[in-house]
Structures are given as structure tokens and as C-alpha cells.
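A.B. asks: Residues 1 to 92, numbered by full-length UniProt numbering, are exactly what the sequence shown covers, in order. Positions of the beta carbon are idealized from the N, C-alpha and C atoms, including for glycine. On a predicted model such as this, the values are computed, not experimentally measured, just so you know. Provided herewith is a single structure, encoded as C-alpha cells, for subsequent inquiry.
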Amino acid sequence: MAYQITDGCVNCWACEPLCPSHAIQAAKPHFIIDPSQCSECAGDFAEPQCASICPIEGAILDASGIPVNPPGSLTGIPPERWNTAMAEIRAR
């Protein structure tokens with residue numbers, strides 16, 4: 001039962017001070033979550049604090065490897081629309 005931070009992390013420091021179990025640590029190339037300390041905020045908060053503050057979609061995975069903030073969840077832009085827009089930009 002532990003969350004994981006992916007390569008999408010931009011080291012913004014938003015999550016580290018919010019973790020009640022102090023499981024998040026600065027590291028290179030991105031922050032890491034110590035699985036032996038991560039409680040997924042069970043008993044402390046209704047939702048994991050790292051995920052609630054993270055500004056990057058897909059940067060934090062749950063214990064099943066599923067993004068806690070999946071693509072489109074923060075921006076409101078459906079992934080299909082995002083991909084289409086990015087393809088249009090690259091074609092210029």
C-alpha cells in the first residue's frame with residue numbers, strides 16, 4: 001500500500017510538506033515516496049494529500065499503478081482533444 005511518483009514529477013515541492021507520514025523525499029531526477037512509510041493518508045485524510053496538491057497529471061500512481069490524477073483530470077481537457085491539439089502544433 002504505497003503511492004509512487006513518476007518521471008513526470010517536476011520537483012515543485014508542493015507534495016513534500018503535506019505528507020503526514022513524511023514518506024516523500026527530494027531526489028534526482030524527481031521526488032520519491034518511501035513505500036515503507038507511505039500510508040496513502042489512511043486514517044489522516046479522506047484523500048491522499050500528495051495527489052490533492054500535485055499540479056501534474058499522471059505524476060503520482062496508486063498502489064495498482066493507476067494515475068491518481070489521470071490525463072484530463074486537472075485541466076479538464078479530454079486526452080483525445082489534447083493529443084489532437086499537440087499533433088496540430090507539431091505539424092506547423
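1. Please report the distance separating the alpha-carbon of Ala-59 from that of Cys-12.
2. If you drop the 5 nearest sequence neighbours on each side, which residues of the same chain put their C-beta closer than 7 Å to that of Pro-48?
3. Applying the criterion that 16 or more other CB atoms from any shown protein chain within 10 Å of the CB defines a buried residue, is Gly-89 buried or exposed?
4. Per DSSP, which residues does Leu-74 bridge with? Please list them.
5. Can you tell me which of the three DSSP states Ile-66 falls into?
6. For Leu-74, which residues of its own chain have a beta-carbon under 6 Å away from its beta-carbon, when the five flanking residues on both sides are left out?
7. Considering Thr-6, what are the terminal residues of the alpha helix (DSSP H) in which it resides?
8. Pull up the distance between the alpha-carbon of Phe-45 and that of Ala-14, whole angstroms please.
C.D. replies: Taking the coordinates as given:
1. By 1-based counting over the sequence shown, the position of residue 59 is 59. By 1-based counting over the sequence shown, the position of residue 12 is 12. Rounded to the nearest angstrom, the gap between the Cα atoms of Ala-59 and Cys-12 is 12 Å.
2. The residue given as residue 48 occupies position 48 in the sequence shown. In chain order, Tyr-3, Glu-40, Cys-41 and Val-68 place their CB closer than 7 Å to the CB of Pro-48, counting only its own chain and leaving out the 5 sequence neighbours on each side.
3. For the purposes of this step, residue 89 is identified with residue 89 of the sequence shown, where counting begins at 1. Checking the displayed sequence, the identity of residue 89 turns out to be Ile instead of Gly. Counting every other CB atom within 10 Å of its CB across the protein chains shown gives Ile-89 a total below 16, marking it as exposed.
4. Position 74 of the sequence shown, counted from the start, is the residue given in the question as residue 74. BP columns for Leu-74 are empty, so no partner.
5. Here residue 66 is taken as the residue at index 66 of the sequence shown, counted from 1. Coil at Ile-66, not helix or strand.
6. Walking along the sequence shown from the start, residue 74 turns up at place 74. Result list for Leu-74: Glu-57, in chain order.
7. Here residue 6 refers to the residue found at position 6 when the sequence shown is read from its first residue. Here Thr-6 belongs to no alpha helix (DSSP H), and DSSP marks it neither H nor E.
8. Looking up residue 45 in the sequence shown gives position 45. Looking up residue 14 in the sequence shown gives position 14. Approximately 17 Å between the Cα atoms of the pair.
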